[in-house]
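Worksheet: one structure, shown below.
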Amino acid sequence: MAPPPLDVRLLAGVSADPDADLAFLSAGVVWDDRMRARRTASFGVPYNYADRRHAPTPMPPRIAAVAARAQAHAGHPFNNCLANLYETGDNTMGFHQDSYEDLAAGSAIAIVSLGATRRLVFRSLDRVHEREFTLAHGSLMLMTAVTQRGWTHAVPRERTAGRRVSLTFRHFDQPATRVP
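If you're matching positions, the sequence shown starts at 975 in the numbering used here and goes up one per residue.
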């Protein structure tokens, strides 16, 4: 059986100054530590994620600049950034599908990776096929709804990996959004 469509684009060097972006995120962000697997922060329109409400918070200029670069590749604006802090390679994200229910039609989710290189593994819903991508410091991955219909994805444990922040940008149609 052929694998389902996997509509992702991986681009290197999208962040103009990934070291400065990572330094800002390390020192200038108040992280929410209610999740066990990693810490999070949300910027932009309100966002409900994993049964946690993130109030509207203005995007800091540095994050807005990264969003603008991602927007140039996606072809549409982003109005929310969910940042995920992986302090060590023991911090993970299990296999899941992102909800596109409240996103603007035709929009992509953009992932900008800063810090340690980590793998993003895609597994088909029937668990027959796997694809793996390496997200390097300053890289961008664009993921469309087509991918979510046939695949789950995860950031697996990598014991030797260091600190990483992923900035996940979305364009919501509605200001208060809930995503599993």
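Where is the CB? At the ideal position from N, CA and C, for every residue including glycine.
Per DSSP, cross-strand counterpart(s) of residue i
i	result
Arg1092	Leu1109
Arg1036	Looking at the DSSP assignment, Arg1036 forms no beta bridge with any residue, so it has no partner.
Phe1017	Cys1055
Asp1006	Thr1014
Ala1128	Val1095
Arg1115	The displayed chain sequence assigns Met, not Arg, to residue 1115. DSSP, once it has assigned bridges, lists Leu984 and Ile1085 as partnering Met1115.
Tyr1060	Arg1138
First and last residue of the uninterrupted beta strand (DSSP E) at residue i
i	result
Val1139	Arg1138 to Arg1144
Gly1068	Met1067 to His1070
Leu984	Val982 to Leu985
Residue i versus residue j - alpha carbon distance
i	j	result
Arg1043	Ser989	7 Å
Val1086	Thr1142	7 Å
Val1129	Val1139	12 Å
Arg1133	Arg1101	24 Å
Gly1063	Ala1048	29 Å
Met1115	Leu1094	10 Å
Gly1136	Ser1000	13 Å
Glu1106	Phe1096	6 Å
His1103	Pro977	6 Å
Asp981	Val1120	6 Å
Asp995	Val1004	15 Å
Status (buried if at least 16 other CB within 10 Å, exposed otherwise) for residue i
i	result
Thr1108	exposed
His1127	buried
Met975	exposed
Asp991	exposed
Thr1151	Bear in mind that the predicted position of Thr1151 carries a pLDDT of just 47, short of 50, making it unreliable; the figure below should be weighed with that in mind. Classification of Thr1151: buried, given that the 10 Å Cβ count is 16 or more.
His1050	exposed
Span of the alpha helix (DSSP H), counted from its first residue to its last, around residue i
i	result
Thr1121	Ala1119 to Gly1124
Ala994	Pro992 to Ala1001
CB contact below 8 Å: residue i versus chain B
i	result
Gly1089	This model lacks chain B altogether, as it is built from one protein chain only.
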